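Peer 1:
Numbering (the numbering used here), first residue to last: 10 to 251.
#1: Roughly how many whole angstroms lie between the Cα atoms of residue 142 and residue 113?
#2: Helix, strand or coil: which one does DSSP assign to residue 95?
#3: Between which two residues does the beta strand (DSSP E) containing residue 85 stretch?
#4: Going by other Cβ atoms of all chains shown within 10 Å of its Cβ, with 16 needed for buried, is residue 47 buried or exposed?
#5: Measuring CB atoms only, is the stretch 199 to 207 touching the stretch 63 to 81, in the sense that at least three cross pairs come out at less than 8 Å?
#6: Can you tell me whether residue 110 is buried or exposed, with buried defined as 16 or more other CB within 10 angstroms of its CB?
#7: At which residues does the beta strand (DSSP E) containing residue 58 begin and terminate?
#8: Assuming residue 153 contacts residue 159 (C-beta within less than 8 Å), just tell me the rounded distance between them.
#9: Flag this pair as touching only if the stretch 77 to 85 and the stretch 165 to 183 have three or more C-beta atom pairs under 8 Å; answer yes or no.
#10: From the DSSP output, read off the bridge partner residues of residue 105.
#11: For the ligand ZN, is there any heavy atom lying closer than 7 Å to the beta carbon of residue 60?
#12: Using 8 Å as the threshold, is the C-beta distance between residue 136 and residue 124 below it?
#13: Do the CB positions of residue 116 and residue 206 come within less than 8 Å of each other?
#14: For residue 136, which three-state DSSP category applies?
In structure tokens form, the structure reads like this:
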């Protein structure tokens, strides 16, 4: 009788989730552009503002501290164009918000918005516009809050080339938009090209689904490495924002 073989079968290979494949491809493409140009491949130029986010109609059932009660929160906003086409040309608009101390463990929270539709399906489709933030912008990809799907929207008020006020609204489980407050741009600042990273600096009380992390995280990881090795001007590579 022959001795049992000591060879162990190779462990089964776990398939790579499609979101990881897409995220790696996106990171590679954006990284090549950044390497070739020496700058951010998306949202390279924009305007930065000192701003306030006012919560008027809280939604305490969501368990998101920012939306638990009425209040005014100082924040920084950056408005930009995705590809950087000249003003008046078609491009995807972006608006990024940084809220100090609104993230987990006392970190800031970053929220990224891009111009999209506002319907049940069109909110997931990027919408080119002629002026960066004069049309509704959504978070494009959902997050989770209290076991429910959560999306956010900022809707400009007025017809100015650069609106100074935006309605803040939320949608729960893909439902209708409910207004919760007002985002007000108070004072323009030098454009510091801050890196916004909603994966590292997520809003407290929320957690993105695994497939969203798989899609976004490779691009943000590449951006962090690239910014350390090349230039402080190379910021986060957003998917649906700044």
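Idealized CB from N, CA, C, for every residue including glycine. Being a predicted model, the structure only gives us computed values, none of them experimental.
Peer 2: Result, derived from the coordinates:
#1: Within the chain shown, the letter at position 133 stands for residue 142. Within the chain shown, the letter at position 104 stands for residue 113. One C-alpha to the other measures close to 28 Å.
#2: Reading the chain shown from its first residue, position 86 is the one you call residue 95. Note: residue 95 maps to coil in three-state DSSP.
#3: The count along the chain shown starts at 1 and reaches residue 85 at position 76. Run containing residue 85: 80 to 90, per the beta strand (DSSP E) assignment.
#4: Numbered from its first residue, the chain shown carries residue 47 at position 38. Bear in mind that the predicted position of residue 47 carries a pLDDT of just 45, short of 50, making it unreliable; the figure below should be weighed with that in mind. It counts as exposed.
#5: no
#6: Here residue 110 is taken as the residue at index 101 of the chain shown, counted from 1. Exposed is the call here.
#7: Residue 58 sits at position 49 when you count from the first residue of the chain shown. Its beta strand (DSSP E) spans residues 55 to 64.
#8: Residue numbering aside, residue 153 sits at position 144 when the chain shown is read from its first letter. Residue numbering aside, residue 159 sits at position 150 when the chain shown is read from its first letter. Confirmed, about 7 Å.
#9: no
#10: Numbered from its first residue, the chain shown carries residue 105 at position 96. Answer is 87 and 121, bridged to residue 105.
#11: Summarising the ligand content, the structure contains no ligands, and the ligand ZN is consequently not present.
#12: Residue 136 sits at position 127 when you count from the first residue of the chain shown. Residue 124 sits at position 115 when you count from the first residue of the chain shown. A contact, by the Cβ cut-off of 8 Å.
#13: Here residue 116 corresponds to residue number 107 of the chain shown, with the count starting at 1. Here residue 206 corresponds to residue number 197 of the chain shown, with the count starting at 1. Result no, Cβ atoms of residue 116 and residue 206 do not sit closer than 8 Å.
#14: Counted from its first residue, the chain shown places residue 136 at position 127. Coil, per DSSP.
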